[in-house]
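Novice:
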Amino acid sequence: MSARLTHPSITPAGRPVRFCYDGQPVEGLEGETIAAALAAGGIKAMRRTRSGQRRGLYCGMGACFDCLVTVDGRASQRACLTKVADAQQVRSTQPAGTAEDPLQPLVPEADAEPVQWQVDVLVVGAGPAGLSAALAARRAGAEVLLLDERLESGGQFYKPLATSHRAATPTDRQFAQGLALEREVRGAGVTIVQGAQVWAAFSPREVAALIDGRARVIRCRQLVIAPGAYERPVPFPGWTLPGVMTTGAAQTLARAYRVAPGRRVVIAGNGPLNLQLAAELLADGTEVVAVLESAACPSWHQWRPLLAAAYTAPDLLRDGWRFLRQLRTHAVPVLWGHTVVAAEGRADGPGGLRSVQVARIDAQGHAVAATARRIEVDTLCLGYGFIPSTELARMLGCAHRLAPRHLGHLATVTQEDGATSLPGVFVVGDGADLGGSRVALARGTLAGTAAARKLGLGAAEPAKPAEVLGPLRRAECFQQALWSLYAPPPVTLAAVPDDTLLCRCEEITFGSVREQIRAGNDTLAALKRNTRLGMGRCQARYCAATAGRLVAELTGSPPDVEQYFAPRPPAKPVAAGALGFEKPEWSGHRPAITPNLARPVAHAPFAPVHTDVLVIGAGVLGSCLGYYLSKAGQDVTVVDRDDINLQASGANAGSLHVQLLSFDFGAKAQDDGGPAAATLPLGPMSVRLWQEIEGDCAEDLEIKITGGLMVADSEAGMRFLEAKAALERSHGIDAQVIDGTELRRLSPALSGKLLGAELCPMEGKINPLRATYAVARRAREQGARMLRGCDVQTIGALPGDGAGFVVRTSRGTIHAGRIVNASGAWSSTIGRMLGVTIPVKGAPLQMIVTEPAPPLVNHLVAHADRHLSLKQAASGGLIVGGGWTAAFHEDMRLNRAERESIEGNLWVACHVLPALRGLHMVRCWAGMNVNIDGAPILGEVPGHPGFYNAVTSNGYTLAPITGRLVTDLIVHGRTDFDITPFLIDRFL
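Residues in the sequence shown are numbered consecutively from 1455, following the working numbering.
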């Protein structure tokens, strides 16, 4: 049986094309996607994971990033959104990144600056909500720009026919309504841009997008966000096999591209969309083996919701009965109260799915083992409900709430017209909260009208509000009735086997996550840092809700809005090369005043604690202090107002610096560079201590001492490096300047335009997401207490020298003999509690990480004249930083990367490592650097016996030596290394 579907009213419109996939010829139609052409050819396996497993089409809408392929040397192209072309070379593997098999640039060379567009109303998303919002705003007189990532307007609901096919007349009401609405929108004068990737919203008036490979910045007076939703994950053994896909993906193949998702299909989930898919596949000749519905079969006992549904949307209820009749006619069983418990097949080859195990579920959501049976299939379609795409709204800081349906998900808090907590921002449709297409249409109209009204356009109110509010009330009533009729048993994750994948991208299992939760890492942020959960290309879309539910089940703690991962740009991975624009340089780090960024960590009060030493701050330095002090026999307590490793340390890039940064030497340096130069001997000592800690912890901290390269692209830069290296050698640092030939021998992927570099063999990298937790765990094993969610509020010194302190915290009172202030950028706040001025400021800095890449750079790379730090992590991702400024975002209550810093950082990085233009930026986040004068502040504060400081910039590198020196002071009253240059006395 051919995988291409036929219909008397639909004919192919695209010319036949031929391309190669993994060396094999494949036939396609111009206008269809690579995924559709592969499915038509019976090919299911696409992306290869790091472990060698194969993945296939899953979401079908560009959200999961499991269908990635390389197209003509361009890596990580989404097969579900990339159209076929004649003679394309498509493969399932990434380029090797060598001269013979390079990473081709993903987009054309960037212009000098991103193009700026001005518009009255910007609408993001061209589904029912976005189209109706754009139409209403335009009819009111606003200039409207509508951006949509998909290849055609209509969104997941309308799913218009692709340009590979044509139909003389629409084949059903859904098609007809979508086409009519799009024609209205275009006819009204709305500018629609398809294939536009909105990758960030930096403010309600500034939105960044990638259009035709070019960066665009849209300045809008009103913003309407209508991004739709994606299908929620349902993990079970084998759910990542090629051949397992969402109902939406299968419907896109069948409706938009006229391709069957498989030969023998089982459809499982919750809701009538699965019945629609089954009926449509049957009508097109595809064999549907069974439909599994997790809800119990509706009965006449549910007459109230049935009556409500019949009254508010009789046409939709008739559609449902028609679908069921079609299934009965074709003898397709609808198994009510059933679910899939496992998918079976091969993930290490092209075979994919072979069979599924299904079972009845009881009222508590548990599978009844005695009812399990196996069904041979090659395709499994899953449709268990949706999760709103809240990324842009959360990036802006719009208020959100937790919606309890299914796993639970975040929903944007809006008024009836979509207005959010931020003036000028509207969020409508299923991207705000789930409600269906008719609710989306009505709310979209209200939002577009309201946005125009905010601009002083159109009538004060809709001419006939009943024309909008009436349909909205009926649609809302119908949706509630539908949810009542299809109420599923509660979701429970207790029976999911430990070896089942929870995070598809990073291949993190339920067992590893459960182990971390039981070890006390029971927040999503801690799980992310300890396991890499949520760090992949899908950016936690398909694991965050599940992990949040798992935490709640294992800890008994109710889920909370604050538990979800902080929203960071980009909203989806974006081509790094498209965003690089040269920016002016400056000296050092730009200091900023940053408020308390701690998120609520609920913990019960404790009885008064008595301890020899209290360490305030449980980042890497506080953890190292806990480690060394407990090792020395001290009774030590480490407290943090947040979770362990959750602020500056947990956002660190993991560089192990030994040579001076470029702005710590010469004319750019603070205090002529003297304090920074005095710090030089600490670097090698601390790196060696890190290696000792790794051995003691018996855990791989991914320490790689591969050497550092500070590159130069000018003769002046080379002279700067010669002078800097000479100073460093005078302080015992192994440093030498090499020419361009030697540089290219050591690191061939670096730009051929570089004239040379300073090589410092002792530099390297460490995984800060492992190291801090490992040190903290070892400290606990040695007897240290680690108390999180413990905000220090007051410190009182007891009368008499050395009498100790009474410290009052948010959880209780601590009596401490001595205190060590290890609060990093917030150390001055702690100092003020004792009347001590500590000249420390914070400097929010951004970091960027790319998708995993082939081996490109082994060294820690910096630049002589520009802000840059670049290295490749064990995961393969390139980590790009170097001191580019981030800023505190009041609405989000966190530090966030700025667009101009992202652009400037990527421009420098791409010029040093051209292969970066062939990769996508996956995440950009903000950390916190400590600004002093280039040197640490260590030791006891004069006039305040027992109060010590342990504060340093370059904190991750220097944490062990700083912790060791302060421990020696406390335990022995002296250090073997002269710390005079680091005493606070220099500021008094």
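Glycine is no exception: its CB is placed at the ideal position from the N, C-alpha and C atoms.
(1) Kindly indicate which residue of 1818, 1754, 2205 and 1693 has the alpha-carbon position closest to the one of residue 1953.
(2) Would you list, in sequence order, the uninterrupted alpha helix (DSSP H) runs of no fewer than 4 residues that lie entirely inside the stretch 2072 to 2146?
(3) DSSP beta-bridge partners for residue 2437?
(4) Going by DSSP in three states, residue 1754 sits in which element: helix, strand or coil?
(5) Going by beta-carbon coordinates alone, are residue 2309 and residue 1468 separated by less than 9 Å?
(6) Is the Cβ-Cβ distance between residue 1872 and residue 1897 less than 9 Å?
(7) What's the C-alpha gap between residue 2236 and residue 1729?
(8) Can you tell me the Cα-Cα spacing of residue 1540 and residue 1495, whole angstroms?
(9) In three-state terms, what does DSSP make of residue 2348?
(10) Taking just the CA atoms, how far does residue 2072 sit from residue 2170?
(11) Compare the Cα-Cα distances from residue 2177 to each of 2191, 1725, 2168 and 1783 and report the closest residue.
(12) From which residue to which residue does the alpha helix (DSSP H) around residue 1646 run?
(13) If you measure between the beta carbons of residue 1967 and residue 1987, is that distance less than 9 Å?
(14) Taking 9 Å as the cut-off, decide whether the C-beta atoms of residue 2110 and residue 2217 are in contact.
(15) Report yes if the C-beta distance between residue 1538 and residue 1531 is below 9 Å; otherwise report no.
(16) I want to know whether the stretch 1709 to 1729 touches the stretch 1937 to 1952 - three or more CB-CB distances under 8 Å.
(17) Go ahead and pull the three-state DSSP assignment for residue 2365.
(18) For residue 2036, which residues of its own chain have a beta-carbon under 6 Å away from its beta-carbon, when the five flanking residues on both sides are left out?
(19) Assign residue 1642 to one of three DSSP states: helix, strand, or coil.
(20) Should residue 1521 be counted as a contact of the ligand ZN given a C-beta to heavy atom distance under 8 Å?
(21) Give me, in chain order, the residues of the same chain whose beta-carbon lies closer than 7 Å to that of residue 1884; leave out the 5 immediate sequence neighbours on both sides.
(22) Do you know whose CA, among 2300, 1820, 1565 and 1458, lies nearest residue 2107's CA?
(23) Compute the beta-carbon to beta-carbon distance between residue 2297 and residue 1804, rounded to the nearest angstrom, for a pair I have assumed lies under 8 Å.
(24) Using the C-alpha atoms, what's the distance from residue 2013 back to residue 2447?
(25) Based on DSSP bridge pairs, tell me the residues matched to residue 2060.
(26) How big is the Cα-Cα spacing for residue 1580 and residue 2334?
(27) Pick from 1676, 2320 and 1506: whose alpha carbon is nearest that of residue 2116?
(28) Is it the case that the Cβ atoms of residue 2352 and residue 2340 are separated by a distance below 9 Å?
(29) Can you tell me the Cα-Cα spacing of residue 2121 and residue 2371, whole angstroms?
(30) Alpha carbons only, please: which of 2412, 1787, 1696 and 2105 is nearest the one belonging to residue 2144?
(31) Excluding the 5 residues preceding and the 5 following residue 2414 in the sequence, name in chain order all residues of the same chain whose CB lies nearer than 7 Å to its CB.
(32) By a C-beta neighbour count over all protein chains shown, 10 Å radius and 16 as the cutoff for buried, is residue 1455 buried or exposed?
(33) Leaving out five residues on either side along the sequence, give the residues of the same chain with a beta carbon under 8 Å from the beta carbon of residue 1837.
(34) Which same chain residues end up closer than 6 Å to residue 2252 when comparing Cβ atoms and leaving out the 5 residues on each side of it in sequence?
(35) Assess contact between the stretch 1755 to 1765 and the stretch 1776 to 1790, defined as three or more Cβ pairs (one per stretch) separated by less than 8 Å. Is contact present?
(36) Suppose contacts are defined by Cβ-Cβ distances below 9 Å. Is residue 2438 in contact with residue 2403 by that definition?
Specialist: Looking at the atomic coordinates:
(1) Within the sequence shown, residue 1953 is the residue found at index 499, counting from 1. Selected option, being the one with the closest Cα: 1693.
(2) 2074 to 2085 and 2128 to 2132
(3) Stepping through the sequence shown from its first residue, residue 2437 is reached at position 983. 2392.
(4) In the sequence shown, counting from the first residue as 1, residue 1754 sits at position 300. The answer is helix: DSSP assigns residue 1754 an H, G or I state.
(5) For the purposes of this step, residue 2309 is taken as residue 855 along the sequence shown, with counting starting at 1. For the purposes of this step, residue 1468 is taken as residue 14 along the sequence shown, with counting starting at 1. Against a cut-off of 9 Å, the Cβ pair of residue 1468 and residue 2309 comes out as no contact.
(6) Taking the first residue of the sequence shown as position 1, residue 1872 is located at position 418. Taking the first residue of the sequence shown as position 1, residue 1897 is located at position 443. The answer is yes: Cβ separation under 9 Å.
(7) Position 782 of the sequence shown, counting from 1, holds the residue named residue 2236. Position 275 of the sequence shown, counting from 1, holds the residue named residue 1729. So the two alpha carbons sit approximately 59 Å from each other.
(8) Taking the sequence shown and counting its residues from 1, the one referred to as residue 1540 is at position 86. Taking the sequence shown and counting its residues from 1, the one referred to as residue 1495 is at position 41. Rounded to the nearest angstrom, the two C-alpha atoms are 16 Å apart.
(9) For the purposes of this step, residue 2348 is taken as residue 894 along the sequence shown, with counting starting at 1. Reduced to three states, the DSSP call for residue 2348 is strand.
(10) As a position in the sequence shown, residue 2170 is number 716, starting the count at 1. As a position in the sequence shown, residue 2072 is number 618, starting the count at 1. Distance between the alpha carbons of residue 2170 and residue 2072 is about 42 Å.
(11) The residue labelled residue 2177 in the question sits at position 723 within the sequence shown. When only C-alpha atoms are compared, the closest one is 2191.
(12) Position 192 of the sequence shown, counting from 1, holds the residue named residue 1646. Not the alpha helix (DSSP H): residue 1646 falls in the beta strand (DSSP E), residues 1645 to 1648.
(13) Mapped onto the sequence shown, residue 1967 falls at position 513. Mapped onto the sequence shown, residue 1987 falls at position 533. Contact flag set, yes.
(14) Counting from 1 along the sequence shown, the entry for residue 2110 is found at position 656. Counting from 1 along the sequence shown, the entry for residue 2217 is found at position 763. Yes, the Cβ-Cβ distance between residue 2110 and residue 2217 is below 9 Å.
(15) Numbered from its first residue, the sequence shown carries residue 1538 at position 84. Numbered from its first residue, the sequence shown carries residue 1531 at position 77. It is not a contact, given that the beta carbons lie outside the stated cut-off.
(16) yes
(17) Counting from 1 along the sequence shown, the entry for residue 2365 is found at position 911. Residue state, collapsed to three classes: helix.
(18) In the sequence shown, residue 2036 corresponds to position 582, counting from 1. Counting only Cβ-Cβ distances below 6 Å, and skipping sequence neighbours, we find 2361.
(19) As a working mapping, residue 1642 is identified with position 188 in the sequence shown. Helix at residue 1642.
(20) Of the ligands one can find in the structure shown there are none, so the ligand ZN has no counterpart to examine.
(21) Numbered from 1 along the sequence shown, position 430 holds the residue referred to as residue 1884. Cβ within range, chain order: 1682, 1683, 1840, 1842 and 1894.
(22) Translated into positions along the sequence shown, residue 2107 becomes position 653. Per the Cα distances, 2300.
(23) Position 843 of the sequence shown, counted from the first residue, corresponds to residue 2297. Position 350 of the sequence shown, counted from the first residue, corresponds to residue 1804. About 51 Å; that fails the 8 Å criterion.
(24) With the chain represented from 1455 up to 2442, any question about residue 2447 goes unanswered, as that position is not in the structure.
(25) Taking the first residue of the sequence shown as position 1, residue 2060 is located at position 606. Beta-bridge pairing links residue 2060 to no other residue.
(26) Walking along the sequence shown from the start, residue 1580 turns up at place 126. Walking along the sequence shown from the start, residue 2334 turns up at place 880. C-alpha separation (whole angstroms): 34 Å.
(27) Reading the sequence shown from its first residue, position 662 is the one you call residue 2116. That would be 2320, whose Cα lies nearest to the Cα of residue 2116.
(28) Within the sequence shown, numbered from 1, the residue matching residue 2352 stands at position 898. Within the sequence shown, numbered from 1, the residue matching residue 2340 stands at position 886. Yes, Cβ-Cβ distance for residue 2352 and residue 2340 is below 9 Å.
(29) Counted from its first residue, the sequence shown places residue 2121 at position 667. Counted from its first residue, the sequence shown places residue 2371 at position 917. Roughly 32 Å between the two C-alpha positions.
(30) Translated into positions along the sequence shown, residue 2144 becomes position 690. Of 2412, 1787, 1696 and 2105, the residue nearest in Cα terms is 2412.
(31) Along the sequence shown, one-based indexing puts residue 2414 at 960. The answer, listed in chain order, is 2078, 2140, 2143, 2144 and 2147.
(32) The sequence position of residue 1455 within the sequence shown is 1, counting from 1. With a pLDDT of 44 at residue 1455, under the threshold of 50, the modelled position of this residue cannot be trusted; read the value that follows with caution. The residue is exposed, with fewer than 16 neighbouring Cβ atoms inside 10 Å.
(33) Locating residue 1837 in the sequence shown gives position 383, counting from the first residue. Cβ within range, chain order: 1685, 1700, 1701, 1702, 1721, 1722, 1723, 1724, 1725, 1727, 1728 and 1731.
(34) Indexing the sequence shown from 1 puts residue 2252 at position 798. Cβ neighbours of residue 2252 beyond the five flanking positions: 2258.
(35) no
(36) To locate residue 2438, count along the sequence shown from 1; it is residue 984. To locate residue 2403, count along the sequence shown from 1; it is residue 949. It is a contact, given that the beta carbons lie within the stated cut-off.
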